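Written out below as structure tokens is the structure these notes cover.
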Amino acid sequence: MLAKRRVTGLSTRVVAELVAEVGPAWQARQHAKLTDRPRRRSPGAGAKYKLVFVDRLLVTLVHLRHATTHDVLAAWFGVDRSTITRAVNEIRPLLAERCCRIESGVRLRTVADVIAYLDHVRQTGLMDATEIRVRRPTKRRAGRHQFISGKSRCNAMKALVITDAQGRLLFCGATCRGSTADITQARQAGVVDWLAHTWGVEILTDAGYQGLGAQTAGQVITPTQKHHKKAVERMQGIAELRAAQRKAHNQRRVRVEHGSGHLKNWRSLTRHLGRREILDHTLRAVAGLLSDHQHTDRPTPSPIAALPAGRTR
Numbered sequence: 001m002l003a004k005r006r007v008t009g010l011s012t013r014v015v016a017e018l019v020a021e022v023g024p025a026w027q028a029r030q031h032a033k034l035t036d037r038p039r040r041r042s043p044g045a046g047a048k049y050k051l052v053f054v055d056r057l058l059v060t061l062v063h064l065r066h067a068t069t070h071d072v073l074a075a076w077f078g079v080d081r082s083t084i085t086r087a088v089n090e091i092r093p094l095l096a097e098r099c100c101r102i103e104s105g106v107r108l109r110t111v112a113d114v115i116a117y118l119d120h121v122r123q124t125g126l127m128d129a130t131e132i133r134v135r136r137p138t139k140r141r142a143g144r145h146q147f148i149s150g151k152s153r154c155n156a157m158k159a160l161v162i163t164d165a166q167g168r169l170l171f172c173g174a175t176c177r178g179s180t181a182d183i184t185q186a187r188q189a190g191v192v193d194w195l196a197h198t199w200g201v202e203i204l205t206d207a208g209y210q211g212l213g214a215q216t217a218g219q220v221i222t223p224t225q226k227h228h229k230k231a232v233e234r235m236q237g238i239a240e241l242r243a244a245q246r247k248a249h250n251q252r253r254v255r256v257e258h259g260s261g262h263l264k265n266w267r268s269l270t271r272h273l274g275r276r277e278i279l280d281h282t283l284r285a286v287a288g289l290l291s292d293h294q295h296t297d298r299p300t301p302s303p304i305a306a307l308p309a310g311r312t313r
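Its first residue numbered 1, the sequence shown is counted upward by one per residue in UniProt numbering.
And the structure:
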């Protein structure tokens with residue numbers, strides 16, 4: 001099962017690194033849970049786990065990748081549904097703590113880490129917000145309308161996504177309600193505050209972040225605004241110039257859209273059917289797994305395979 005990428009969405013190498021990294025952390029947390037209170041029996045007594053750690057990790061990966069229900073996973077592994085629920089609730093926070101990975105193997109866990117990294121390597125960052133559909137709040141819940149997105153007109157929550165110029169994930173999180181504006185979410189996440197301590201960072205965004213450029217001394221770059229139709233008629237050539245500028249900006253920024261699309265390939269983020277409180281953990285866990293996949297060394301094609309058809313030398 002672990003060797004088939006269709007099951008987990010990850011290569012065998014990435015899964016092996018997960019077992020070596022998350023396994024000791026899970027064992028230490030379980031040991032601390034057994035020893036943090038007075039006991040009448042020694043730790044380890046009583047019923048044994050029906051799922052070993054590797055099975056628990058596999059259950060969580062399949063659940064995140066395919067949004068498989070706990071009932072189906074329980075029938076697959078021959079255990080009770082509650083066992084699957086406990087396994088997912090134990091492994092998912094450990095995966096969320098890993099966050100996004102960069103080339104050197106360092107993990108970026110906060111917006112401050114991402115901005116410091118971009119300032120250090122002098123690379124351009126791409127920022128956007130993505131919406132994830134969630135369950136409709138109950139009828140008697142206060143502020144029920146605040147989850148309705150003004151863009152998609154459905155109940156959703158919004159996540160902040162930051163990638164590098166190649167579209168590789170650097171951060172995914174800072175979730176908020178779907179009615180929150182993109183620029184408000186960026187301010188609440190601390191993007192403006194942390195950019196005030198840097199001068200050489202360049203972040204490309206869409207038109208939803210108009211106004212952040214003035215607050216960040218031009219470090220946040222938004223597309224050129226459109227002129228009014230009557231003003232365009234008076235200024236010949238301005239409309240074509242501005243359209244070319246917006247096209248060039250969108251061509252540089254489109255990779256963050258691809259990064260959001262790769263996140264949505266994991267079915268648990270296509271539509272989140274669980275509790276809204278755990279969506280942030282799910283986002284960070286999937287982002288960390290996807291960044292591991294993006295930075296996995298892939299075999300280079302052989303010189304013969306790289307030649308055009310009909311040529312062997």
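From the three backbone atoms N, C-alpha and C, an ideal C-beta is built for every residue, glycine too. These numbers were taken from a predicted model, which means no experiment stands behind them.
When the options are compared against residue i, the one with the closest alpha-carbon
| i | options | result |
| --- | --- | --- |
| T296 | K48, V88, R13, H63 | R13 |
| M127 | P137, I203, D292 | I203 |
| V111 | R275, R267, D119 | D119 |
| D113 | T216, R39, I162, A243 | I162 |
| L290 | G23, N265, T270, K48 | N265 |
| Q294 | V7, R141, S11 | S11 |
| G288 | A244, A87, V15, V201 | V15 |
| Q251 | Q210, G167, L283 | G167 |
| R133 | A159, G78, R140, R141 | A159 |
| T282 | L94, F147, L169, T124 | L94 |
| L169 | G274, S260, A74 | S260 |
| A87 | G218, R141, Y209, L64 | L64 |
| V79 | H66, K48, R107, A67 | K48 |
| T124 | F77, N89, R253 | R253 |
| G274 | V7, G9, T68, R153 | T68 |
| L51 | H31, R37, L73, P38 | L73 |
| C154 | A75, R141, R136 | R136 |
| D292 | V7, V106, T205 | V106 |
Buried or exposed by the 16-neighbour rule on C-beta atoms within 10 Å, applied to residue i
| i | result |
| --- | --- |
| R41 | exposed |
| V121 | exposed |
| V256 | buried |
| T138 | exposed |
| D182 | buried |
| R98 | buried |
| S268 | buried |
| Q225 | exposed |
| R101 | buried |
| H272 | buried |
| V62 | buried |
DSSP state of residue i mapped onto helix, strand, coil
| i | result |
| --- | --- |
| N155 | strand |
| E202 | strand |
| A67 | coil |
| P301 | For P301, the predicted structure reports a pLDDT of 44, less than 50, and the residue's modelled location is therefore unreliable. A value from the coordinates is still provided. Correct three-state label for P301: coil. |
| G288 | helix |
| R276 | helix |
| L10 | coil |
| V161 | strand |
| V72 | helix |
| A309 | Residue confidence for A309 is low, a pLDDT of 44 falling below 50, so the modelled location carries little weight and cannot support an answer. |
| A239 | helix |
| L51 | coil |
| A181 | coil |
| A217 | coil |
| A248 | helix |
| T296 | coil |
| R271 | strand |
| T35 | helix |
| G167 | coil |
Close Cβ partners of residue i (< 6 angstroms) along its chain, the five nearest in sequence each way excluded
| i | result |
| --- | --- |
| S149 | E131, A156, G178 |
| P223 | A207, R246, H249 |
| H70 | R81, I84, T85 |
| T270 | K264 |
| A96 | H281, R284, A285 |
| H66 | R267 |
| R242 | T224 |
| G310 | For G310, the predicted structure reports a pLDDT of 44, less than 50, and the residue's modelled location is therefore unreliable. A value from the coordinates is still provided. If we look at G310 and ignore the five residues flanking it on each side, it has no Cβ neighbours. |
| R109 | C99 |
| Q146 | R177, S179 |
| R276 | V134 |
| G9 | R65 |
Contacts around residue i, its chain only, beta-carbon distance under 7 angstroms, and the 5 residues preceding and following it disregarded
| i | result |
| --- | --- |
| V191 | V111 |
| E103 | H295 |
| F53 | G23, W26 |
| I115 | W194, L195, T198, V201 |
| T180 | K158 |
| Q185 | A129, K158, L160, A174, C176 |
| S152 | E131 |
| G211 | I183 |
| V19 | V54, L57 |
Cβ shell of residue i (< 8 angstroms), same chain only, five flanking positions each side left out
| i | result |
| --- | --- |
| S91 | Before going on, a small fix: residue 91 reads as Ile here, not Ser. Only V22, W26, R56, L57, V59, T60 meet the Cβ criterion. |
| V286 | L64, C172, L263, W266, S268, L269 |
| I221 | E202, I203, L204, T205, G213, H249 |
Residue i: CB within 8 angstroms of a non-hydrogen atom of the ligand PLP
| i | result |
| --- | --- |
| A112 | The ligand PLP is absent from the structure shown, which contains no ligand whatsoever. |
Cutoff 9 angstroms: residue i Cβ touching any chain B Cβ
| i | result |
| --- | --- |
| S82 | Looking at the structure shown, chain B is missing, and only one protein chain is on hand. |
Identify every run of the beta strand (DSSP E) within the stretch 75–152, keeping only runs that are complete inside it and at least 3 residues long; order them along the chain. Runs of beta strand (DSSP E) with 3 or more residues, each lying fully within the stretch 75–152, are found at 124–133, listed in chain order.
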